[in-house]
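Chains A and B are the protein sequences, given in the same order.
Quick note: this note's numbering has the first sequence finishing at residue 227, numbered continuously throughout.
Quick note: this note's numbering has the second sequence finishing at residue 303, numbered continuously throughout.
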Amino acid sequence: MAAREYHRLTRARPRARFALISAGSTSLWLGKDHLLSIDSTGYTESYKRFYFRDIQAFFLRKTEGQKWVGLILAVLVGLFFFPAALGEGPVRIVFGTGAAIFLLAFLLNLALGPACSCQLRTAVQVEELPSLVRIRRARKILERLRPLISAAQGELRREDIPLRFQEWSHGPIADTAAIPRSVVEDPNAPPRTI
Amino acid sequence: MTSFALLCPKCKAPLAEGVLNLSDLTPCTVCAAPLQVEIFPAFFRRMAAGRDGDLVLVEGESTCFYHPQKKAALPCEGCGRFLCALCDCELHGQHFCPACLEVGRKKGKIKSLENQRTLYDSIALSLALLPLLIFYLTFITAPAALFIAIRYWKAPRSLVHRSQIRLVLAMIFASLQIFGWATALYFMKAR
Numbered sequence: 034m035a036a037r038e039y040h041r042l043t044r045a046r047p048r049a050r051f052a053l054i055s056a057g058s059t060s061l062w063l064g065k066d067h068l069l070s071i072d073s074t075g076y077t078e079s080y081k082r083f084y085f086r087d088i089q090a091f092f093l094r095k096t097e098g099q100k101w102v103g104l105i106l107a108v109l110v111g112l113f114f115f116p117a118a119l120g121e122g123p124v125r126i127v128f129g130t131g132a133a134i135f136l137l138a139f140l141l142n143l144a145l146g147p148a149c150s151c152q153l154r155t156a157v158q159v160e161e162l163p164s165l166v167r168i169r170r171a172r173k174i175l176e177r178l179r180p181l182i183s184a185a186q187g188e189l190r191r192e193d194i195p196l197r198f199q200e201w202s203h204g205p206i207a208d209t210a211a212i213p214r215s216v217v218e219d220p221n222a223p224p225r226t227i
Numbered sequence: 113m114t115s116f117a118l119l120c121p122k123c124k125a126p127l128a129e130g131v132l133n134l135s136d137l138t139p140c141t142v143c144a145a146p147l148q149v150e151i152f153p154a155f156f157r158r159m160a161a162g163r164d165g166d167l168v169l170v171e172g173e174s175t176c177f178y179h180p181q182k183k184a185a186l187p188c189e190g191c192g193r194f195l196c197a198l199c200d201c202e203l204h205g206q207h208f209c210p211a212c213l214e215v216g217r218k219k220g221k222i223k224s225l226e227n228q229r230t231l232y233d234s235i236a237l238s239l240a241l242l243p244l245l246i247f248y249l250t251f252i253t254a255p256a257a258l259f260i261a262i263r264y265w266k267a268p269r270s271l272v273h274r275s276q277i278r279l280v281l282a283m284i285f286a287s288l289q290i291f292g293w294a295t296a297l298y299f300m301k302a303r
């Protein structure tokens with residue numbers, strides 16, 4: 034069996050956070066030399082590739098999402114629990130089941146930990162990663178990506194950052210050494226790139 | 113992008129160097145939003161200036177297929193035409209002319225340029241299952257689902273691993289619906 038080209042990093046998550054009818058979903062996949070973000074409508078998929086050599090920065094911002102979702106779920110648990118406690122027969126069963134489902138969702142929300150929003154910066158874009166919504170998961174993925182990015186770009190230690198900033202502000206405008214040059218050895222043959 | 117500033121994702125204020133590459137959340141100095149910002153060496157890499165190709169100085173020199181006044185720098189790996197530095201599009205170490213790149217993108221020959229795919233397997237399965245809610249629709253949708261499943265059997269599916277199970281299920285459900293309609297029509301005619 035051939036090795037899989039992509040490994041799943043996140044499950045598909047709805048693009049709009051409170052969408053009742055699905056407005057599509059996004060997911061994140063790990064490729065050999067890039068990160069693949071898939072935006073799916075269910076019938077079409079759009080792909081965005083972030084090559085490890087191009088990733089400049091990763092932003093993680095803690096949000097209040099977990100608190101708000103927790104609050105809404107707690108209210109729903111309360112709303113279903115009291116009729117279940119006071120009622121009898123089928124009322125108790127229906128509302129009890131509802132309360133149990135919302136309680137389970139409330140506990141799951143607690144277990145998943147604080148919410149966050151993540152962004153990824155390259156030289157030409159700052160891209161939101163809507164499939165990364167929990168800090169714990171985002172950090173795990175960052176841990177997994179860090180060695181891959183380092184392998185593609187090299188290490189950047191924290192203590193080197195001020196020096197790199199200084200160098201950058203006083204350095205040359207363009208890295209001309211990186212531009213390939215060509216040499217004509219035979220006028221009837223294409224020049225050789227060096 | 114020549115802008116050097118790293119901006120807070122919430123308040124868009126420039127971030128201080130002190131908040132970078134820390135292992136824990138640090139509040140933004142302006143809006144106090146808890147942040148973790150990790151930068152990589154590519155952040156300090158300057159974008160190389162583009163090349164516009166050298167002009168032909170010696171008569172008889174190889175020239176670019178698209179710009180006859182410019183020196184050829186290398187051949188296209190797709191069509192073999194000579195290209196100047198301006199026309200050379202490098203992709204993962206390979207060099208293509210803009211035309212080959214466009215053809216490769218449109219025909220899906222260059223996988224890394226593909227940025228959209230249609231999931232015919234999902235369309236076929238939806239067409240085979242959803243109309244069951246309004247049963248009479250299946251008279252039209254079942255043959256359509258079967259057609260799509262057969263027509264796009266070999267079409268590329270999702271870029272990430274996906275089996276053909278949706279197409280198989282679509283064919284089974286669509287065939288059952290067609291069989292059901294055929295049986296119903298037969299008995300109606302016989303009666």
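All C-beta atoms in this analysis are idealised placements derived from N, C-alpha and C, irrespective of residue type, glycine included.
Just so you know, these numbers come straight off a predicted model, no measurement behind them.
Does chain B have any CB closer than 8 Å to the CB of residue i?
i, result
"P77/A", "The question names Pro, but residue 77/A in the sequence shown is Thr. By this cut-off, T77/A is an interface position."
"G146/A", "no"
"S70/A", "no"
"F83/A", "no"
"Q233/A", "Shown here, chain A extends from 34 to 227; a query on residue 233/A therefore has no answer."
"Q152/A", "yes"
"K95/A", "yes"
"G187/A", "yes"
"Q89/A", "yes"
"A45/A", "no"
"R197/A", "yes"
"L109/A", "no"
Could you check whether the Cβ of residue i sits closer than 7 Å to any heavy atom belonging to the ligand MG?
i, result
"I126/A", "Although the ligand MG was asked about, the structure shown includes no ligands whatsoever."
In chain order, what residues of the same chain have a beta carbon less than 8 Å from the beta carbon of residue i, not counting five sequence neighbours either side?
i, result
"L186/B", "F194, L195, D200 and H207"
"I260/B", "Y232, I235, A236, L239 and A282"
"E129/B", "none"
Any Cβ of chain A within less than 8 Å of the Cβ of residue i?
i, result
"Q315/B", "The structure shown does not extend to residue 315/B, since chain B is modelled only from 113 through 303, so no value can be given for it."
"T259/B", "According to the sequence provided, residue 259/B is Phe. The question's Thr does not apply to it. For F259/B, the answer is no, since every Cβ of chain A falls outside 8 Å of its Cβ."
"T131/B", "It is worth fixing the name first, because residue 131/B is Val in this sequence and not Thr. Not closer than 8 Å to any Cβ of chain A, the Cβ of V131/B fails to qualify, so no."
"M283/B", "no"
"E214/B", "no"
"Q276/B", "no"
"E189/B", "no"
"P121/B", "yes"
"F155/B", "yes"
"V272/B", "yes"
"A145/B", "yes"
"L239/B", "no"
"L118/B", "yes"
In chain order, what residues of the same chain have a beta carbon less than 6 Å from the beta carbon of residue i, not counting five sequence neighbours either side?
i, result
"L213/B", "C201"
"L109/A", "F135"
"C191/B", "C212"
"I206/A", "Residue placement at I206/A cannot be trusted, given a pLDDT of 47 that sits under 50; the coordinates are not used to answer."
"A45/A", "S58 and S60"
"L178/A", "none"
Give me, in chain order, the residues of the same chain whose beta-carbon lies closer than 7 Å to that of residue i; leave out the 5 immediate sequence neighbours on both sides.
i, result
"A117/A", "R125, F128, G129 and A132"
"T74/A", "G57"
"G64/A", "E38 and Y39"
"A296/B", "none"
"A184/B", "S174, T175, C176, F194, L195 and C196"
"P210/B", "C199 and C201"
Can you check whether the CB of residue j is closer than 8 Å to the CB of residue i?
i, j, result
"N133/B", "R191/A", "yes"
"W229/A", "F156/B", "Residue 229/A cannot be examined here, being either before or after the span of chain A that is shown, 34 to 227."
"T77/A", "Q228/B", "yes"
"L140/A", "R167/A", "no"
"D66/A", "Y80/A", "no"
"Q148/B", "D136/B", "yes"
"V272/B", "I71/A", "yes"
"A117/B", "V142/B", "no"
"A138/A", "L106/A", "yes"
"E150/B", "L175/A", "yes"
"I88/A", "L153/A", "yes"
"S224/B", "R82/A", "yes"
"N142/A", "Q199/A", "no"
"S164/A", "T43/A", "yes"
Would the segment 124 to 143 of chain A and the segment 173 to 183 of chain B be scored as touching if the rule is three or more Cβ pairs under 8 Å?
-> no
Specify whether the segment 87 to 94 of chain A and the segment 118 to 137 of chain B touch according to this definition: at least 3 beta carbon pairs, one from each stretch, less than 8 Å apart.
-> yes
Identify every run of the beta strand (DSSP E) within the segment 193 to 249 of chain B, keeping only runs that are complete inside it and at least 3 residues long; order them along the chain.
-> 201 to 203, 206 to 208 and 228 to 230
Would you call the segment 279 to 290 of chain B and the segment 235 to 254 of chain B touching, i.e. three or more CB-CB distances under 8 Å?
-> yes
At which residue ranges does the segment 61 to 86 of chain A contain complete beta strand (DSSP E) runs of 3 or more residues, listed in the order of the chain?
-> 67 to 73 and 77 to 84
Which ranges does the beta strand (DSSP E) cover as unbroken runs of at least 3 residues, wholly within the segment 149 to 214 of chain A, from first to last along the chain?
-> 149 to 154 and 159 to 161
Contact the segment 222 to 236 of chain B vs the segment 268 to 281 of chain B: 3+ CB pairs below 8 Å | yes
Counting pairs of Cβ atoms below 8 Å between the segment 178 to 185 of chain A and the segment 146 to 160 of chain A, do you hit three or more?
-> no
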